[in-house]
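Counting from 1, one number per residue, gives the positions in the sequence shown under my numbering.
Reading through the structure tokens given below for one structure.
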Amino acid sequence: MDKLNGKKVLIAGATGGIGTQTARLLAGSGADVYLTGRKADALLRLADSLSVPHGRCFVADLTEAPAVSRMAEDITRQSGPLDILVNASGIGIIKPLEQLSLEEFQQTLQGNLTAAFLLVKAFLPGMKEGKKGLIINIPGVLGKVPMAGAAAYSASKYGLVGMMQCIREEVKRTEIRITNLYLGGVDSPFWDTIDLRVQKERMIRAEEAARAIWFLCQQPLSGVVSEMVLQPFNHQAI
Ligand SMILES: NC(=O)c1ccc[n+]([C@@H]2O[C@H](COP(=O)([O-])OP(=O)(O)OC[C@H]3O[C@@H](n4cnc5c(N)ncnc54)[C@H](OP(=O)(O)O)[C@@H]3O)[C@@H](O)[C@H]2O)c1
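Shown next as structure tokens:
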């Protein structure tokens, strides 16, 4: 736990199922957490419950470049480069191709890929200056294996994996770690707008997904966890 004491960690998607639990766990382990999400009320409620000052909360749509830049400038001015960026933001539009509109396809790419691009673009330079840092993204298993109905979602998540693997090559002479977390189904509000019959009681609990992130935040000095796969027992696909 000491390893997280005083670490500056931004949790994107802090208002979501996985992000909220991650914020709780990391703040409880002594990290200085910065929180971002779109829903102001939920964000500030979470901050209050964790005694995080409102100055460390950013209501932002991460698909909007100026909002992400402003947040990065503000955080950097407050406390210098981030130690850890946890990107737990994203959207799920899962439907077969014939029902999938161009708008939904583009929205998925924006939410899951462009937002991740903007976050990395904004926070990586500070990490590069310090030659250290950790970026955790959550492509999920649909960033590794295909599933019927997931054309848009998987396009965004495979894209995220490809993008982060290329960025890893660009920072490989530094101690910047790039970690992809492949989660199977997690019981969170993510599924609330998805028209699929799912068994939430058999999914990973959001607290357990957060524990995986907490573990990933404490990587050994001499090594890097490039990827982790965590799936419900009944969905062991890879
Ligand atoms: N749940 C699963 O089964 C599962 C499995 C594998 C991977 N994942 C991935 O894990 C991540 C977190 O998922 P979750 O289950 O915690 O989902 P969730 O409960 O739906 O939370 C999603 C979070 O992303 C934020 N968000 C979405 N679009 C945004 C945007 N344009 N700008 C800023 N914030 C945005 C939401 O903010 P607001 O609520 O404030 O709008 C919310 O905080 C996602 O990347 C998801 O793809 C989830």
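Note that beta-carbon positions come from the ideal geometry of N, C-alpha and C, so glycine has one too.
If you count every other CB in all the chains shown that lies within 10 Å of the CB of residue i, and 16 or more means buried, which is it?
i, result
"residue 234", "exposed"
"residue 125", "exposed"
"residue 156", "buried"
"residue 112", "buried"
"residue 187", "buried"
"residue 16", "buried"
"residue 166", "exposed"
"residue 291", "Residue 291 is absent from the model: the chain starts at 1 and stops at 238."
"residue 21", "buried"
Any idea which residues DSSP pairs residue i with across the strands?
i, result
"residue 177", "134"
"residue 87", "12, 137"
"residue 57", "35"
"residue 204", "186"
Could you compute how far the alpha carbon of residue i sits from the alpha carbon of residue j?
i, j, result
"residue 14", "residue 146", "27 Å"
"residue 40", "residue 133", "28 Å"
"residue 31", "residue 84", "10 Å"
"residue 6", "residue 56", "14 Å"
"residue 8", "residue 81", "8 Å"
"residue 65", "residue 123", "12 Å"
"residue 231", "residue 19", "18 Å"
"residue 53", "residue 47", "7 Å"
"residue 79", "residue 98", "48 Å"
"residue 193", "residue 92", "8 Å"
"residue 59", "residue 12", "10 Å"
"residue 152", "residue 69", "27 Å"
"residue 38", "residue 221", "34 Å"
"residue 61", "residue 218", "28 Å"
Residue i by DSSP, collapsed to three states: which one?
i, result
"residue 50", "coil"
"residue 166", "helix"
"residue 71", "helix"
"residue 185", "coil"
"residue 122", "helix"
"residue 38", "coil"
"residue 230", "strand"
"residue 216", "helix"
"residue 225", "coil"
"residue 104", "helix"
Go through its chain and collect everything with a Cβ distance to residue i's Cβ below 6 Å, but skip five positions before and after it.
i, result
"residue 74", "none"
"residue 198", "191"
What residues in its chain sit with their C-beta under 8 Å from that of residue i, if we drop five residues either side in the sequence?
i, result
"residue 176", "124, 127, 128, 131, 132, 133, 134, 135"
"residue 149", "94, 95, 96, 196"
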